[in-house]
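Enquirer:
Chains as they are written, first to last, in our numbering: chain A, 18 to 201; chain B, 18 to 201.
1. For chain B, is any of its Cβ atoms less than 8 Å away from the one on residue 168(A)?
2. Who are the neighbours of residue 129(A) on chain B, taking C-beta pairs under 7 Å?
3. What are the residues of the region 69-103 of chain A that lie near chain B, defined by any Cβ-Cβ distance shorter than 8 Å?
4. If residue 48(A) and residue 42(A) are in contact, beta carbons under 8 Å, what's the gap, nearest whole angstrom?
5. Since I believe residue 93(B) is in contact with residue 122(B) (beta carbons under 8 Å), could you give me their beta-carbon distance rounded to a whole number of angstroms?
6. Might you give, ordered along the chain, the residues of its own chain that have their beta carbon closer than 7 Å to the beta carbon of residue 99(B), omitting 5 neighbours on each side?
7. Between the beta-carbon of residue 149(B) and the beta-carbon of residue 58(A), is there less than 8 Å?
8. Out of 142(B), 90(B), 134(B), 40(B), which one is the CA nearest neighbour of residue 77(B)?
9. To the nearest angstrom, how far is it from the Cα of residue 91(A) to the Cα of residue 63(A)?
10. Report, in whole angstroms, the separation of the C-beta atoms of residue 182(A) and residue 82(A), which I expect to be a contact under 8 Å.
11. Is there a Cβ from chain B that is less than 8 Å from the Cβ of residue 106(A)?
12. With distance defined between alpha-carbon atoms, name the residue in 147(A), 157(A), 132(A), 97(A) nearest to residue 116(A).
13. Counting only Cβ-Cβ distances shorter than 7 Å, please list the residues of the region 130-149 of chain B near chain A, keeping chain order.
14. So, is residue 51(B) buried or exposed, given that buried needs 16 or more other C-beta atoms within 10 angstroms?
15. What residue does the alpha helix (DSSP H) around residue 10(A) start on, and which one ends it?
16. Using a C-beta to C-beta distance shorter than 7 Å, which residues of chain B count as neighbours of residue 11(A)?
17. Determine the chain A residues that contact residue 56(B) at a beta-carbon separation under 9 Å, and present them in chain order.
18. Anything in chain B within Cβ reach of residue 174(A), meaning under 8 Å, just list it in chain order.
19. Please report the residue range of the alpha helix (DSSP H) in which residue 42(A) lies.
20. Between the Cα of residue 132(A) and those of 114(A), 75(A), 168(A), 68(A), spot the shortest distance and give me the residue it belongs to.
21. If you run the structure through DSSP and keep just helix, strand and coil, what is residue 130(B)?
22. My understanding is that residue 164(A) touches residue 45(A), with C-beta atoms under 8 Å, so please give their C-beta distance in whole angstroms.
23. On a CA-only basis, which of 103(A), 192(A), 67(A), 40(A) is nearest residue 139(A)? Give me that one, please.
24. Among 54(A), 67(A), 40(A), 53(A), which residue has its Cα nearest to the Cα of residue 141(A)?
Set out below in structure tokens:
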């Protein structure tokens, strides 16, 4: 509970008047900022995990896809920092058990597979679970930003959302066309 | 590692010839069965979590949506048991850190919000993260089932996938139409 509470204090600017152990997300704006902190953490964790996934991949097109997505993910982090700047709040990554769980499962399954083609298929599925998590989060953030009248950040969030969707489509096409067929 | 290893032994029928601590997912079929075990566990955990989420919801349409989805989730569990039956393997839920993390985050965020409308918005976002996880997993399972020539289970998996997509659309329409606007 502590990181959320501290984050809310910093972001809401209410300082010491807000109790550390009270329910600190009061408004839609607080919730929006909390979700931004959450995806900011998630993007950083994904950027840390992708190099390890890349090392395990055999299919050349898949490796290129992972490399491209690592560069995109680094840009997504910077783009979120622009969002925080426009909102005039401090970027403040908070723990995100969801992405931690998704990445933990990816690592776990990759450790259970030896055959290169089967491993490629497992890594595609793991990467798609990551993409889908990001797609749902950015989708939610865009709806909330619009409702809060923060159209100035909708464009930035939408650019990333479209890149996540494109990455997912690329993974699907590789999965359907080559990897699974070879592995089966 | 142990549950995966045990699961693979049971499912692959290779018995004692397969080492408990070796890499036990050898083929696309092993990977497919492992992913089925994973979503079987996930559906059960979702069914356990939905009643608690339902208690916290204020918006009547949202509560009805959660009630409907709880009934659907219970059917999804039974439908997966039919898939296992058709494949002639034992249903065997394995730990799934991804869904555990997604549900943990849902619980955490719900505990941080007091205002009813903001809590509804947070619960919708949490439910959509769950839906998206299921959508990506069933999507992957369908591609793999087709590649493995198991067209006899594709229909069952696809029925669930379509229900998950419909549940997500319903959540989006509630979020866009009412909850957020009221909360903002």
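Backbone N, C-alpha and C define an ideal beta-carbon position, used for all residues, glycine too. Please read these numbers as outputs of a predicted model, since none were measured by experiment.
Expert: Walking through what the data contain:
1. Chain B contact via Cβ: absent.
2. Proximity of chain B to residue 129(A) at the Cβ level (cut-off 7 Å) is accounted for by 21, 40, 41, 42, in chain order.
3. Of all residues in the region 69-103 of chain A, none has a Cβ within less than 8 Å of some Cβ in chain B.
4. 5 Å
5. Rounded, the Cβ-Cβ distance is 21 Å, inconsistent with contact.
6. 173
7. no
8. 134(B)
9. 9 Å
10. Their Cβ separation, rounded to whole angstroms, is 14 Å, which puts residue 182(A) and residue 82(A) out of contact at 8 Å.
11. no
12. 147(A)
13. Answer set for the region 130-149 of chain B: 130, 131, 132, 135, 138, 139, 142, 145, 146, 149.
14. buried
15. Because chain A here runs from 18 to 201, residue 10(A) falls outside it and cannot be looked at.
16. An answer regarding residue 11(A) cannot be provided, because it is not within the stretch 18 to 201 covered by chain A.
17. The contacting residues do not exist; residue 56(B) stays about 11 Å from chain A at best.
18. Here the premise fails: no neighbours, minimum Cβ distance about 14 Å.
19. Unbroken run through residue 42(A): none, as it is neither H nor E.
20. Comparing Cα-Cα distances from residue 132(A) to each of 114(A), 75(A), 168(A), 68(A), the minimum goes to 75(A).
21. strand
22. 7 Å
23. A check of alpha carbon separations from residue 139(A) across 103(A), 192(A), 67(A), 40(A) identifies 192(A) as the nearest.
24. 67(A)
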